[in-house]
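Those letters in the sequence shown? Residues 1263 to 1532, per my numbering, in order. Idealized CB from N, CA, C, for every residue including glycine.
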Amino acid sequence: MRLRRYQCMITMLFCASLCISYIAVIFIATSHISAQQGMRKLLFLVRHVGFRHTASAVAARTVIELGWQSKRFLVTVTQDCDLFVPEVMKRYDAFMFYTTGNPPFSKEQLRAMLNEIRNGKGFIGIHSATDTFKNDPDYTDMIGGIFVSHPWHQRVRIIVEDKEHPATRNLGDAFEITDEIYQFRNWSRQKVRVLLSLDTNSVDITKGARKDKDYAISWCKLYGKGRVFYTALGHRHDVWENKIFRKHLLGGILWALGILEGDATPRPKP
């Protein structure tokens, strides 16, 4: 399979309000590769309502690069929620969110996306995707948990719980990384397969609220026939440049797209 042309167009819109500015970035990545060559298609929504992650641009660039370098999938990165309608979603094999708040989806749009996943398409949630549609129980059920707070933003040790899954098979027993660390509600090991978890010896555990002291960092699950992969990492710019994170993310994407196999059966804490 040969990548003959790779084009990326970046449009930046600078806005300022009350002396606070932000950048809205729309990436469109295209490459001229025929569908017969087996390239899967990923629709990546980067849309923040409320808190805006400044790593959005590097996140979009990274996912495009991973698709191009692996030669396994094509990426469309957008802020346009109007693309999430049945006639457009049917062209894609998976959906990816780096989002916050309530992106402007109608109830019908959100139900349609969830139905696409339930019927076999993949979903990849990055970091604040669990801080999205927090009051929608169906979305919560699909993604596997909802953000409550981030007790830690520091260098932490991450335990690799599943050394066979594509998202974690080449990460060793553990690794260290500096990032914002979440805790969740409506989350249970009975509903997801934990891939990465926080080594609580690497933080001040009194800052956390979970009585069981169980802080998942990444998990996978099935939603109907669809594959769901989530990683809580990805707040900081430098995380997206981190080789371990990029390896983790690529494996998760390839699994969610159905390119690589991995067990999503829930299991108790080791």
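One thing to note: GLN1445 has its Cβ within 7 Å of the Cβ of VAL1410.
Under DSSP, the beta-bridge partners assigned to GLN1445 are SER1411. Between LYS1509 and LEU1433 the beta-carbon gap is near 7 Å, inside 8 Å, which marks them as a contact. The C-alpha of ARG1302 is placed about 21 Å away from the C-alpha of ASP1525. Under the DSSP assignment, TYR1492 falls in the beta strand (DSSP E) whose first and last residues are 1488 to 1493. Per DSSP, HIS1310 is one residue of the beta strand (DSSP E) stretching across 1302 to 1310. Excluding sequence positions up to five before and after VAL1320, its CB lies within less than 8 Å of the CB of HIS1499, TRP1502 and GLU1503, all in the same chain and listed in chain order. Taking a contact to require three or more Cβ pairs closer than 8 Å, the segment 1342 to 1355 and the segment 1470 to 1477 do not qualify as touching. For SER1459, no alpha helix (DSSP H) encloses it; the enclosing beta strand (DSSP E) starts and ends at 1455 to 1460. Secondary structure at GLU1438: strand, using DSSP grouped into helix, strand and coil. Take the alpha-carbon of THR1394 and the one of ARG1373: they are about 15 Å apart. Per the C-alpha coordinates, the member of GLN1371, LEU1522, PRO1399 and GLY1387 positioned closest to ARG1447 is PRO1399. The Cβ-Cβ distance between GLY1407 and THR1362 does not fall below 7 Å. Taking the Cβ atoms as the reference, LEU1495 lies roughly 5 Å from ASP1441, within the contact range of under 8 Å.
Here PRO1428 is near LEU1522, since their CB atoms are less than 7 Å apart. Here LEU1305 is actually not in contact with GLY1329; their C-beta atoms are around 12 Å apart, not less than 8 Å.
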